[in-house]
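Right, one structure below, let's go through it.
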Amino acid sequence: MTNRHRIALIGLGGISQSVHLPLIARLHDRVQLAAVVDLSAQRTAEIADAHGRGIKQFLSVDQLLSSGEKIDGAVIASGGTHAVDAKKLLEAGVTVLAEKPLGYSLAEHKDLANAVDSSGLRVGYMKEYDPASREAKKLLENLHIRSVEVEVLHPADAAQLNFAHLRPAATDVDEAVLAAASKPTKTAIEAAIGGAPGKDIDRFYPNVVLGSVIHDIALLRYLMGGIGTVEEAHHYGDEFPGSLFMRGQLKKHPAPWTLNWHFIAKYPEYQETVTIHHDEGTVQLVFSVPYVLNGPTRLNVVRGLPALGVERTTQTWPQCEAFETEWKEFLDLIEGIPNEASSLDESAADIAVGQCMINALASSLGAPLGPNTEAVITAKGNDTL
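Using this note's numbering, the letters of the sequence shown correspond one by one to residues 38 to 422.
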């Protein structure tokens, strides 16, 4: 196992416990979990003890880097912005896979671009590694898109993560330490939307737009060049987060996109459907619970046959896991094999779309953002993003 890469896992919450740690075990021939990093000393000890011998434990990326521990790559799966830690790791020559979102402001992205070589950075949008997405992209090449419709049915987290038997929430992190760790995130969000904008905008932006909808922003970019304009955004329901409706025009096609996002706490299972109509038929992706490994995405295709016939097909790839492909291409990147997965520029483009969405939503809720916020400046300067 001479080609195993020494990896640090940063942030030991739900995504690490349900996805990254199982995949590290699955990819044992290429990965050595060398270090775990989390604000909770108790959690780092538990995870290290449960996943092998000699795993070093750290409470911050600063501790990890100052220790002299040899690390080839790092996966950032902590809460809040990942831009600060990504910058430190890239400066140290470590290849980085950062869970989405990389950051919450365009200023963070600009700072990264100016400070470091970001060629060793990828952002973890697992849907672009999904074999169904990759096949859909091929099918859509050179077609005249007529419309794109996205629907997300989002239950409470328990409906998605009960199977993972997550460890209890950490209780050993000092409040002052937590406040210091949260400060860069708060600063970035305030730069994007201002301080206390009202109408739950300070929750919609990080938790819904950049916490969930950003997957669809990134997927539309990957499949067909992305979103060009955000023309309308509305919230329905008496409680946060309720339901969101958004619409606009695609960037590279004279066609509309619409998004219906619904938080339904008791809905039995997460489901995300992306339907693309074109001049010759329909291409549809149906994604299931993202945390369940090898839960295959369905690719539904409708197309014409000779003599007015219709062909309807459904394809799945149960033996190919999107997160696992993401990991394999990340390991290839460590070895110097480039790929076209989302990096710093793509992340910045997605954040810009998210800012246009939150600006439109704030206006429709009667809580317009301040004129000097990034979101307003971005929306005004990007009739087509």
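Just so you know, even glycine gets a beta-carbon here, dropped at the ideal spot from N, CA and C.
Collapsing the DSSP output to three states places serine 155 in a helix.
One thing to note: alanine 129 has its Cβ no nearer than 8 Å to the Cβ of leucine 158.
By the neighbour-count definition (other C-beta atoms within 10 Å, threshold 16), histidine 181 is an exposed residue. A residue is called buried when at least 16 other Cβ atoms come within 10 angstroms of its Cβ; tyrosine 307 meets this threshold and is buried. Counting the other CB atoms within 10 Å of its CB gives serine 115 a total of 16 or more, which places it among the buried residues. Leucine 176: member of the alpha helix (DSSP H) spanning 168-177, first to last residue.
Every beta strand (DSSP E) of 3 residues or more that sits fully in the segment 243-312 is shown, in chain order, as 264-273, 280-287 and 293-300. In this structure, alanine 412 places its C-beta atom within 8 Å of the C-beta atom of asparagine 396. Secondary structure at serine 384: helix, using DSSP grouped into helix, strand and coil. For a cut-off of 8 Å, the C-beta gap from glycine 161 to glutamate 136 is around 5 Å, short enough to register as a contact. For alanine 378, there is no enclosing beta strand (DSSP E), since its DSSP letter is neither H nor E. Annotation for isoleucine 47: the continuous beta strand (DSSP E) segment containing it runs 42-47. Residue pairing from DSSP leaves asparagine 409 without any beta-bridge partner. Under the three-state reduction of DSSP output, asparagine 331 falls in the coil class, being neither helix nor strand. By the criterion of a C-beta distance shorter than 8 Å, isoleucine 238 is surrounded in its chain by Ile230, Ile395, Leu398, Ala399, Leu402, Ala404 and Leu406, once the five residues flanking it on both sides are discounted. From the listed residues Pro408, Asp275, Asn331 and Asp75, the smallest Cα separation to valine 214 is found for Asp75.
For lysine 93, DSSP records a beta bridge to Ala72. Selection Thr266, Leu96 and Ala255 evaluated against threonine 415 yields Thr266 as nearest (Cα-Cα). Remark: C-beta atoms of leucine 149 and alanine 123 approach each other more closely than 8 Å.
In this structure threonine 118 does not touch glutamate 83 by the C-beta definition: roughly 25 Å separates them, more than the 8 Å allowed. Between leucine 330 and glutamate 358, the beta carbon gap of about 5 Å places them in contact (Cβ cut-off 8 Å).
The Cβ-Cβ distance between serine 77 and aspartate 209 falls below 8 Å. The C-alpha of isoleucine 264 is placed about 16 Å away from the C-alpha of tryptophan 298. Cα atoms of proline 192 and glutamate 309: separation of roughly 11 Å, rounded to the nearest angstrom. Here the alpha carbons of glutamine 356 and isoleucine 44 stand approximately 25 Å from one another. Phenylalanine 300 is classed as buried because its beta carbon has at least 16 other beta carbons within 10 Å across all chains shown. Cα atoms of glutamate 276 and aspartate 109: separation of roughly 45 Å, rounded to the nearest angstrom. As the crow flies, the alpha-carbon of isoleucine 61 is around 10 Å from that of serine 53. Of the residues Arg67, Ser104, His57 and Ala292, the one whose Cα lies closest to the Cα of leucine 134 is His57. A residue is called buried once 16 or more other Cβ atoms fall within 10 Å of its Cβ, and valine 185 is buried on that count.
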